[in-house]
Each structure stands twice: as structure tokens, then as C-alpha cells.
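With mature numbering (1 follows the signal peptide of the UniProt record, and there is no 0) as the guide, the letters of the sequence shown map in order to residues -19 to -1, 1 to 572.
Note that the Cβ used here is the ideal one computed from N, Cα and C, for glycine as well.
Computed from a prediction, not measured in an experiment: that's the story for all the values here.
The block underneath contains the structure these notes are about, expressed in C-alpha cells.
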Amino acid sequence: MKKYFLFFLTSIICLAANAQDTDEGLKRISGIVFNNSVPLPNVTVKVVDGEEEVITDSKGRYDILTKVGDIISFDYPGMDQVKKEVRESTFTLNATLKMTVQELDNVTVTKEKKTKRTQEELFQDYETDPGIIKTSFGILDKETSGVAMQVVDGSQLSMASGDIVNAISNQFSGITVKGNDGFSGSTGAEIFMRGGGSIENATPAVFEVDGNLFTTPPLFLDIGSIKRIAKLSGLAATSRYGSVAQGGIFIINTISGTVTGKGGGKPVDRALAKNNDYKGGALNQAQIRKNWPEYLKTLYASKNFEEAKSNYESNAGKYANAAHYFVDAYAYFSTKWPGEKFQKTILEANKTKIENNPVWLKAFAYLLQSDSDSKGAVEMYKKVFLKRSNYAQSYRDLANSYVEANEIQKAANLYARYNKLLKDEFLQVEEEGAHPIIDREFNSFLVNNGSSFMSKADMNLAKSEVVDAGIRLVFEWNDEQANFELQFVNPEKKFFRWSPPYDEQMMSQNGEAPKSNIVEYFIDDTLPGDWQVNMKYRGNESGAPTYVKVTAYFNYGEKNERKKVEVFRLALKDVNQKLFELNGSNLAVYK
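Structural data, given as C-alpha cells:
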């Protein structure tokens, strides 16, 4: 969470008046250091002629204790030093560092503008351009991909390294290896990137080898078989691979992954042809309906509203204790007969059956949001919040619903409360759960609503952190104990899979369900065309259906951003089913 914005916000709403340092005459200054509009880590921020000195974190942020009249210096090797004075009105000091340039007589330096190549052109240039890496989500060019990426050619790896862990640690900066005792090789070793989660909850990096994902180092690789390795961290990793890559990802292309044809023939790509070619087979919604319970088949076979109402009422007594019956009925009437408003009658009549159960409160909240009933969704999320005030996602869900209902002040209060609870350690940062999403959405909240209480400089700073990422997909599910697998099929019919980061064995060991039921993905223009999203449902502890809400944001981070909400019912187990198809402008649900 961005401390410099939250200080400003909480001072307005009087929720963090005690957050300032108490020593008389001292004040805490915070900010971000940039280079070419990109946050710069490891900058030395120092009070000139003083003892206070700090280093910027992985996002270029710092905070330091100063007093009025102090001069703050910003230093980074190879860049010009910047100095700024602390004044009475100063609470935020941002700095931009520039590379040190030594002018040479009679020499003119020009930089050739890089042209963004197509996927086919990148594929053709792969053998000769060491800045190109192949991934499950398309081919990336270090120079034009728009993400921070370090690429090392296989020829730079030393055979004396012994294994992939040592080879990586010898070539890549900003990493730490843990669990390598020097006697048993790198078995059990983990690689951590700078900024890979919080200090207390660091997350190890994961690995993609020729399109296959590994959560532990691929020690089976021979160093001589490696063609190229790329390092992605932060949003560059999570936007493509999700929270599994929260600690960053090393993408490894092997020599056998790409073979150039004889006689100048077209290269044959083998890197992504290993067990992730999509061959179809996912069931469409018409096929799923054949496995529906009889009450749903009867409802959807109704010829008119009166018949549908009669069919609903005839089964209401039979399923009086099954909350999912009323969720299913609400979904049916809201889509088939929205003008009758009968879905509202269903909800009102059954509120007492769900008001103490967060699982069903969330299911109805999803449907209310898909109906654009923001006020109704707020009421549902309020009740969830009262039941789960120790869940970070409860703050996120309620704050979002307040924004949708145009209750901006309440949303601001909730964001500030969340931040203060984190600071006071009443809540823990969930780096693999809701926190990174809350952080991103809070920044968006500031950009869209902060003009009334933020300075122009802080507004510009907030805008600089907005991710312009094309399509943003947010998946939420009402039951934390649901088990499923998401499958993303790219335009080249290669797929990538993701499952919630827990399993039945872990559940049985600690007896505690995860506190987050949300994940986000970004799809940019790296691989243009139609994407398909499938899901394989494996069930939950209760045996009732699980409801998944998908929010698709198009032109995310831009002025013309728009969103679409869809809710899916999951009940049929262990089969791959089609959810939707999307491209840069639309999301089409399979009917």
C-alpha cells in the first residue's frame, strides 16, 4: 500500500492522526524516486550533514525522518545527484534521476528508435537476437516489450556452475539463494528476487522451461542445453502468470526448443509444443445444461413468466434449506425475466437463510453486481465484512462496492482503515492473496477520486503508477474451499493453467481455509487475437455449487476503460468447460 498517498488520505478523514512521529520538530517525509518514469530501487536517500539515511525499496519508495530546513540528497551510481529542501509544507518529496552524460567534442550521439516486431518476425529473429525470449504467453522482445526484463544468453553460463541455481545466481543481479548448503548441491534451494513479496513473507521465484511451469528449480537441466534465460519480476511476472509468479519468474528456453530448418528453412518452434497444445474438448454451456439438476432444467424450459414462477414455487419448499436453489432461481429470473423484478422478491423472501453465511452472501452479491444493483451489493458485502473483518478481501470487496455505489467517502475510510490495521499488525499482508490487488485498485481509486483532496503533483504521481495493460481479468469465487483449474488458451492455441494455491492435503494439515478467493490476470497486445478461458471444477467441501464472478476490464488504466461482469455456476466436476472468449474489445460468454 502506498504510504505517501495513504498519509494524505488518512489525514483528510482523520483516521491516522497518530501516525506521525512524535518527536518535536521532526517530520516524516516519503516519496518515490524515478528514472525515465520508472521507479528506481536502491537509491540512497540521505539528510545532508545528518545521520538519517535510507535506501529506496523495489518500487522506488522511501520514507525518512527529517526536520524543516534539511537538505535531502538522492544518489545512485552513474546518475546525477539530486538535492531537495524540506519545507514547512513538505510531506512528499519525489525525485527524478538522470544518467550522467559526459559530453565529447565534435561527437553527436543518436539513438535508433526500436520498431515493435510482430510475433512472426520475433520468431524468425529469435536465433540471431539475444534479447528475445519465448514464453507461454507469446514471444517477448527485451527492447520493446514495455516490461523490465533481464536476458542472459546460454553462452554466458559457466559449465562450472554445476546446476541451474548456481548458474542463475552467477549471472543475474538482485537475487538471493536460500537453502543451498553447498554439500547436497542445490536440492531444496529457493531463489528470491528483490521485491518478491514483503520482507516477512518473501515468495520464491518460479520457473518456466520451454512452456512448462515449475515451482521449484529445474535441477534436471543440463547447463549446456540452455539457449537463453530471462528474468521477470513484479507486475511483469504476475500480469502473465498470476499470483504463482508473485516472487518473479525465470523463463528458460533450451536449445532443443527451437530448431532451424536446413537450407534456410523456416524454424520449427518446439518450446511451446510440450504438453500444452490445446486440442479442444471443453464442454460448452449446452452440454453442461444436460447435467443440470431437474429444477434448473424445468425452470429454463418455462415458456412464459407465469409458468416459470409456478415452477419456482413448486420446488421452493422442497429446497427450502438449500441456499443454492435460491441463488440459481435469482440468476434465472434476472436474465430471463428482468422486467418482472421477481428476482428481488426471491432475495427478500430468503434473506434470513443467508444473512449469517458469507459464502451465500457473496454469491448473491455477485449476481447483484452483474445486475448493476450496486446498492444491493453493498448490503451483501457489509454483512460479509461483519462476519470476516479479519480478511483483507472483505475490505477490498466492500470498498469496491462503495465505489460502484458512488459512496466515495465510505470507500476512502475503508481503505484508510485497512492500511492502519496493516501498520498496527492487526492484519497481515497477503502477498499471494488480496493485498497486491487492493494496492492496485487503491491507486486507481486515487486517480479517479483524489482530485478533491490531493495535490496536482500527487495526482500525477498516482497516474504514473497506473498500469496500462489492455485487458484485466479478475476472478472471484464465493467458496474459499472450492478447488478448480483455470485454463487460458492463447491465439496460437497454446494453454496455460492456474489453480488456487492450496490443496486438500494442506487443508487437512492446518484445518484452515484460505482467506482470499481472488486472482487477477492481464492480457496485453503481446499476442493479439482471440483468447479462450476454460475451467475444470473439482468441487468443494459442502457439495453445493460454486459461483465464480469474472470482471473483465477493457483498456485498463486508460480514460476509456470499461468493464463487464459475468457470473458462472460450477457444479459438474472433473470436466473442462468453456467459460468465455475475449479479444481486445469484447468478452463473449459461451451459451
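For LYS325, the closest alpha carbon among the candidates LYS334, SER315 and THR333 is that of SER315. In the structure shown, ASP51 falls within a coil segment according to DSSP collapsed to helix, strand and coil.
Of all alpha-carbon atoms in LEU46, PHE477, VAL546 and ASP309, the one lying nearest the alpha-carbon of ALA569 is that of VAL546.
DSSP places GLU171 inside the beta strand (DSSP E), whose first and last residues are 171 to 174. Around the beta carbon of GLU539, fewer than 16 other beta carbons sit within 10 angstroms, so the residue counts as exposed. Taken in chain order, the unbroken stretches of alpha helix (DSSP H) that lie wholly in the stretch 103 to 153 and span 4 residues or more are 145 to 152. By the 16-neighbour rule on beta-carbons within 10 angstroms, GLU32 is exposed. Residue pairing by DSSP puts SER11 in a beta bridge opposite ASP44 and THR73.
Cα atoms of TYR534 and TYR502: separation of roughly 10 Å, rounded to the nearest angstrom. Between THR527 and TRP458, the gap from beta carbon to beta carbon is short of 7 Å. For LYS474, the closest C-alpha among the options ASN515, ASN272 and ALA170 is that of ASN515. VAL546 is bridged by DSSP to THR532. Two segments are said to touch when three or more pairs of C-beta atoms, one from each, lie closer than 8 Å; by this definition the stretch 303 to 320 touches the stretch 278 to 291. According to DSSP, residue pairing for ARG453 in a beta bridge involves PHE503 and TYR534. If you draw a straight line from the Cα of LYS554 to the Cα of LYS517, it is about 7 Å long. In the DSSP annotation of this structure, the continuous segment of the alpha helix (DSSP H) that includes ASN292 starts and ends at 286 to 297.
By the Cβ-count criterion, ILE236 is exposed, with fewer than 16 other Cβ atoms from all chains shown falling within 10 Å of its own Cβ.
Checking the DSSP bridge columns, you'll see ARG478 partnered with GLN468. Here ASN387 carries a coil assignment [DSSP, helix/strand/coil]. Taken in chain order, the complete alpha helix (DSSP H) segments of 4 residues or longer contained in the stretch 345 to 414 are 355 to 368, 373 to 385 and 389 to 404. A Cβ-Cβ contact shorter than 7 Å links LEU402 with LEU408. Check the Cα spacing between PHE72 and each of PRO319, ASP405, TRP479 and LEU7: the tightest is with LEU7.
By the neighbour-count definition (other C-beta atoms within 10 Å, threshold 16), GLU108 is an exposed residue. In this structure, the alpha-carbon of VAL14 lies about 40 Å from that of GLU562. Rounded to the nearest whole angstrom, the CA to CA distance from GLU66 to TYR399 is 32 Å.
Under the Cβ criterion (8 Å, minimum of three pairs), the stretch 371 to 391 counts as touching the stretch 345 to 361. Pairing TYR222 with VAL470 gives a Cβ-Cβ distance that is not under 7 Å. In the DSSP assignment, LEU427 falls within the unbroken alpha helix (DSSP H) covering 416 to 430. Per DSSP, reduced to three states, the secondary structure at ALA282 is coil, with no helix or strand assignment. If you draw a 10 Å sphere on the C-beta of PRO481, you find 16 or more other C-beta atoms in it, and that means buried.
The beta carbons of ILE114 and LEU103 sit no closer together than 7 Å. With respect to ILE419, ILE504 sits apart: the two C-beta atoms are not nearer than 7 Å. Between SER351 and VAL548 the beta-carbon gap is near 5 Å, inside 8 Å, which marks them as a contact.
Residues GLN462 of the same chain have their beta carbon placed closer than 6 Å to that of GLU522, with the five preceding and five following residues left out of the count.
Per DSSP, ILE204 is not a residue of any alpha helix (DSSP H), being assigned neither H nor E. Here GLN227 is near THR184, since their CB atoms are less than 7 Å apart.
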